[in-house]
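K.L.:
Position one of the sequence shown corresponds to residue 90 (the working numbering), numbered consecutively onward.
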Amino acid sequence: MVNFSDIKGFIFDLDGVITDTAVFHSRAWRQVAAQVQVAWDDQLADQLKGISRMESLNLILARGNKVDDYTDDEKEALATAKNENYLKLVNQMTPADILPGINEFLAELKQGGYLLSLASASKNAQLVLNKLGLAGYFEKMVDPTSLKKGKPDPEIFRRGAEILNLRPENCIGIEDAAAGIESINGAGETSIGVGDPKVLAKANICFSTTRDLTLNNINNVFN
């Protein structure tokens, strides 16, 4: 692992790190699963974390052996309906929906002169940040529509460093999902996982909650 003094930028995932829109995604996808008559459970919900909309839909359809039952246009319509339901929920968000400690951590990073970018698979990331009042912290955001591959491919976190004009080894990526940690590691960056250490076993550093995200705590682990 590099020295903490070498770190110049932080690249954030959105869902599960800055706010918990996973519950909104889950509710909207559950409606789709019911529509296509696929059984919903916690395992399926977990598999959908951190991946793109069409990948999520295909996972749901695959669970019910229904991938070939729908045309591309029908799949697009299902994904669009899911997004419309999700946006209704997102539009009700406020700064109260920021996860504990994140406001303070972002302020600390800005004060410390670190560069920040967002590496989220969500096409609604800008809307979410606006609702939370955090858009000012993230001058740079990876455009998920420009990516060839989703997480766990390292492309999104590699791009997160590029838009900050930083080398991967000078960046820390923060994620709550195993696929995201794999993406960060593959990009050659230091990975911080937030959540269950068993699920995030491949993370270079793991904290159980967002409250633990402080420069002092990160520095202590490096040292």
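Backbone N, C-alpha and C fix where the C-beta goes; we use that ideal spot for every residue, glycine too.
Predicted model, so just to flag it, every value in this text is computed and none were measured.
Can you tell me where the alpha helix (DSSP H) with ILE307 in it begins and where it stops?
P.N.:
Looking at the DSSP string, the run of the alpha helix (DSSP H) that includes ILE307 is 304-311.
K.L.:
Measuring CB to CB, does ALA268 end up less than 7 Å from PRO241?
P.N.:
Yes.
K.L.:
Assign MET182 to one of three DSSP states: helix, strand, or coil.
P.N.:
Note: MET182 maps to coil in three-state DSSP.
K.L.:
Quick one, are the C-beta atoms of LEU289 and ILE307 less than 7 Å apart?
P.N.:
Contact flag unset, no.
K.L.:
Is LEU146 helix, strand or coil when you go by DSSP?
P.N.:
Three-state result, LEU146: helix.
K.L.:
Output the distance between the C-alpha atoms of THR169 and ALA292, rounded to the nearest integer angstrom.
P.N.:
Computed Cα separation, rounded: 33 Å.
K.L.:
Would you decide whether PRO184 is buried or exposed? Buried here means 16 or more other CB atoms lie within 10 Å of its CB.
P.N.:
PRO184 is exposed by the Cβ-count criterion.
K.L.:
Does the structure place the stretch 212-226 close enough to the stretch 112-124 that three or more beta carbon pairs sit under 8 Å?
P.N.:
Too few Cβ pairs lie closer than 8 Å, so no.
K.L.:
Write down every uninterrupted run of the beta strand (DSSP E) in the stretch 256-285 whose length is 3 residues or greater and which is fully enclosed by it, in chain order.
P.N.:
260-264 and 279-283, all fully within the stretch 256-285.
K.L.:
Spatial neighbours of LEU204 within its chain, please: CB distance less than 7 Å, with the 5 preceding and 5 following residues excluded, ordered by chain position.
P.N.:
Around LEU204: LYS97, GLY98, LEU253 and LEU255.
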